[in-house]
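**Student:** Following full-length UniProt numbering, the numbering of the sequence shown begins with 1 at its first residue and continues without gaps. Before I ask anything, let me first share the structure, which is written out below as structure tokens.
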Amino acid sequence: MAKATARHILVDTEAKCNELKAAIEGGADFAQLAKEHSSCPSGRQGGDLGSFGPGQMVKEFDTVVFSAPVNVVQGPVKTQFGYHLLEVTSRRD
1 MAKATARHIL VDTEAKCNEL KAAIEGGADF AQLAKEHSSC PSGRQGGDLG SFGPGQMVKE
61 FDTVVFSAPV NVVQGPVKTQ FGYHLLEVTS RRD
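Pasting the structure below:
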């Protein structure tokens, strides 16, 4: 069964999500930004969501996690919770 590990940053607006993505692309540390800005409790761990399989996350999130390249920041991804930046840190099929 497929498994992935990922981390994310959850914010309220697409504009904030884009701002954080630009900061990461400019060299800012993903984990540090997650600690400072993410509204998800995972932010305290740098956005780390641990390991999970298909169907364990909301559909929009799941689709990206199981199709995006590993170690490339994706987003904004809109879900019922807000806007996510997410990075797949590993995946096996």
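For every residue, glycine included, the Cβ atom is placed at its ideal position computed from N, Cα and C.
#1: Just the Cα atoms here: how many angstroms apart are G75 and L49?
#2: If we ignore side chains and look at the alpha-carbon of each, how far apart do residue 94 and A68 end up?
#3: Looking at the structure shown, is T63 part of a helix, part of a strand, or coil, going by DSSP?
#4: Can you tell me where the alpha helix (DSSP H) holding residue 174 begins and where it ends?
#5: With DSSP as the reference, please indicate the residues paired to S51 in a beta bridge.
**Tutor:** A quick look at the data gives this:
#1: 16 angstroms
#2: It is not possible to answer for residue 94, since the shown part of the chain is limited to 1 through 93.
#3: helix
#4: Outside the modelled stretch of the chain, which goes from 1 to 93, sits residue 174, for which no answer is possible.
#5: T5
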